[in-house]
Amino acid sequence: MHVSVYLKCFLASVVWLVSTVVSPVVIAQGVEPLPPEPVTPLPEPEPLPAPEDLLPQPSVPSDLPEQGIAVPGTFVVSAFRVVGSTVFSESELGAVTADYVDRPITFSELFEARAAITQLYVDAGYISSGAFIPSDQLIGDGVVTIQVVEGGLEDIQITGLKHLDPGYISSRIEVRNDAPLNVNRLVESLQLLQINPLIENLSAELAAGTQTGSSILNLQVKEAPRWGGTISLDNFRSTSVGSFQRRATLSNINLLGKGDSFVASYGYTNGSDTWDLGYTIPLGPHNTSLAIDYSTTDSRIIQDAFEVLDIESDSTNLALSLRQPVIATPTEELALELAFDYRRSESTFQFGDIRLPLQTSGSDDGVTRISAIRFNQEWTQRSAREVLALRSQFSLGTDWFDATRNSGDRPDGQFLSWQGQAQWVKAFDNDQLFLARLTGQLSDGPLLSLEQFRLGGQGSVRGYRQDQATTDNGVFASVEMRFPLFEVPSIDSAMQIAPFIDYGVGWNNGEQVDPDPNNLLSMGTGLLWQTGDRISARLDFGMPLIDPGEEGNSFQESGFLFSITGRLF
1 MHVSVYLKCF LASVVWLVST VVSPVVIAQG VEPLPPEPVT PLPEPEPLPA PEDLLPQPSV
61 PSDLPEQGIA VPGTFVVSAF RVVGSTVFSE SELGAVTADY VDRPITFSEL FEARAAITQL
121 YVDAGYISSG AFIPSDQLIG DGVVTIQVVE GGLEDIQITG LKHLDPGYIS SRIEVRNDAP
181 LNVNRLVESL QLLQINPLIE NLSAELAAGT QTGSSILNLQ VKEAPRWGGT ISLDNFRSTS
241 VGSFQRRATL SNINLLGKGD SFVASYGYTN GSDTWDLGYT IPLGPHNTSL AIDYSTTDSR
301 IIQDAFEVLD IESDSTNLAL SLRQPVIATP TEELALELAF DYRRSESTFQ FGDIRLPLQT
361 SGSDDGVTRI SAIRFNQEWT QRSAREVLAL RSQFSLGTDW FDATRNSGDR PDGQFLSWQG
421 QAQWVKAFDN DQLFLARLTG QLSDGPLLSL EQFRLGGQGS VRGYRQDQAT TDNGVFASVE
481 MRFPLFEVPS IDSAMQIAPF IDYGVGWNNG EQVDPDPNNL LSMGTGLLWQ TGDRISARLD
541 FGMPLIDPGE EGNSFQESGF LFSITGRLF
């Protein structure tokens, strides 16, 4: 019994000693966290398809049930009574017929008044609506009735689809085009479909329907390829698990024909294996979507100084999210998203034949759990020359599913944090492009490493190793200018040069010591190569302007970052 007690005390001492000797930064890097999803890199600005390319302007309908009315040569109209209009007010309708009231008018002028109302509709985009004068009325009392027929969309006929459910397209047109039909809204609906990744191209024609004022929309649609496969090489991972990463991704943007998407990817380094799975399904014509994402990473610290300890970490992330666009136009989108995010990480090391938990600042048994509710707000505005995106995320850590709880000032799973991100892309003449990024995070207390703000490496301050500094709060800013160097038209390829400046600063809450240094600054240049949509490559060299302290000799720690991505299909 005494031997057992002594053994437990001895093992506890070993755990404490190892956890003290191993740098917290190394532990954080070994955990290989799954941070909140960043803003997706913005595409280069490009013009929307012209309305006349999507929908040739149809002629105004001329089949209104109007017949001649026997009236004197001239007569006086005291008022026009317009019936059937749901679009314009009485004052708006009265304004266009005011010139024909309280004065002698001819029969042809009577029809001019009717035509003025039709033109009011046409000018506002209601091209299938019009007015006529019913023949079964007496004009002797000075009041003339003008009947309005407000046209609608009778049917949508779609050709060219192979896998996508036609209801996916028709429902998104119908929900934005209630009667009366407005060509401006219809064109906007078609533009939204044109930029939908499920659709490669579409053309439309508006034809007369079987009823007065009704129209039939004929759509010719070409679907985008459903399957996609890419392979990539880069050195973006933490040096503690091996920075050189190989990754393969398989995706399907229309798995079951409902516009649902699936993506699976596998990446590995010399010390880590990562699987990512995601499935998203639309829930209606308003582009509401439900997504489930799963990620798992098994990693092992391979740095020589810690090889004898055989430090391993297993990280898992499971997220369920509901996204709803509030504003959706071809040039602007505002979306809200509510998500539940469960994260678990376990770190251990080898002592003889026994694996022991690796203690961290937030866990005595080497296991940390986070059950967080996240509320995201995303806004994007685009034009032919620029794209601006803003993203805000509030994260609330709960005690659900046995989330980590600690007393005092130690970090645990109960927290409140905010992360804001902004990106701006501006296109200039001669194919020059300016990019600016800003990211910040604030928290109400110490955070577990899975939630901390990270500085250094790809997506942050280039020129420093990946996750050089991890803190509770931080700010990162970057500016980059891209200039064309040369093109090779025969293989649809181009080379760009991209000088940049990156800066970041981070700080901790409570009694946790800030990393040294806690602010990073670099400048450098990147080279970008693009061959059509098949091959893209980038090489960055960043020069640290603030001494990072002790560094290794890897390609990444020497200031170089590279990536090569090839699209297989």
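Residue 338 in the UniProt record's numbering is what sits at position 338 of the sequence shown, and the numbering runs on without skipping anything. Backbone N, C-alpha and C fix where the C-beta goes; we use that ideal spot for every residue, glycine too. Note that the structure is predicted; figures quoted are calculated from it, not measured.
Please report the straight-line C-alpha distance between residue i and residue j, rounded to a whole angstrom.
i	j	result
P446	G362	9 Å
S347	A537	35 Å
F107	S170	44 Å
T525	S558	14 Å
T439	G463	18 Å
V60	L153	Residue placement at V60 cannot be trusted, given a pLDDT of 48 that sits under 50; what the coordinates show is reported in the next sentence. Looking at the two C-alpha atoms, the distance is approximately 14 Å.
R185	Y168	18 Å
A124	V83	18 Å
E532	D298	The sequence given here has Gly at residue 532, not Glu. G532 and D298: Cα-Cα distance of roughly 35 Å.
I216	T470	59 Å
G549	Q468	10 Å
S395	P285	29 Å
P197	A335	18 Å
T86	Q377	35 Å
S449	N508	12 Å
I327	L390	14 Å
I139	R103	14 Å
N201	W424	27 Å
T316	G459	22 Å
D465	Y126	The sequence shown places Arg at residue 465, rather than the Asp named in the question. Near 60 Å, if we compare the C-alpha coordinates of Y126 and R465.
D353	E307	15 Å
D409	E312	27 Å
Q393	V461	22 Å
Residue i: buried (16+ other C-beta within 10 angstroms of its C-beta) or exposed?
i	result
V505	buried
P411	buried
P157	Just to set this straight, residue 157 is Gln in the shown sequence, not Pro. Label assigned to Q157: exposed.
E205	exposed
N182	buried
V149	buried
S78	exposed
S89	exposed
F236	buried
E480	buried
G229	exposed
A131	buried
N553	exposed
S371	buried
S91	exposed
On the three-state DSSP scale, how would you describe residue i?
i	result
I327	strand
residue 582	In the structure as shown, the chain begins at 1 and stops at 569. Residue 582 is therefore absent and cannot be evaluated.
S251	strand
S490	helix
A264	strand
Y131	The sequence given here has Ala at residue 131, not Tyr. A131: strand per DSSP, three-state reduction.
I302	coil
N553	coil
S295	strand
Q119	helix
V96	helix
E511	coil
D314	strand
S23	A caution first: S23 carries a pLDDT of 47, below 50, which makes its placement in the model unreliable, though a value can still be read off. In this structure, S23 counts as coil in the three-state DSSP scheme.
L561	strand
S361	coil
S91	helix
S108	helix
F244	coil
L545	coil
L309	helix
On a CA-only basis, which of the options is nearest residue i? Give me that one, please.
i	options	result
S379	A469, T398, P325	Going by the sequence as given, residue 379 is Trp instead of Ser. W379 has its Cα closest to that of P325, out of A469, T398, P325.
G566	S203, V144, L138, I231	I231
R176	F555, Q191, I301	Q191
L388	S443, A422, R405, G284	A422
L233	I546, M543, N553, L539	L539
L318	S345, D304, E312, I302	S345
T288	R103, L338, L527	L338
Y266	L255, Y294, F541	Y294
L528	S91, N519, I497	I497
L435	R482, F415, S392	R482
Q432	W227, R385, E223, L277	R385
I173	G73, Q211, N218	N218
E511	L358, D472, R534	D472
key: alpha helix (DSSP H) segments (min. 4 residues) lying fully within the region 157-239   = Taking only runs of at least 4 residues, the alpha helix (DSSP H) segments lying wholly in the region 157-239 are 166-174, 183-194.
ask   = Which runs of the beta strand (DSSP E) spanning at least 3 residues fall entirely within the region 410-486, listed in chain order?
value = Scanning the region 410-486 from its first residue to its last, the whole beta strand (DSSP E) runs of 3-plus residues come out as 416-427, 433-443, 453-455, 469-471.
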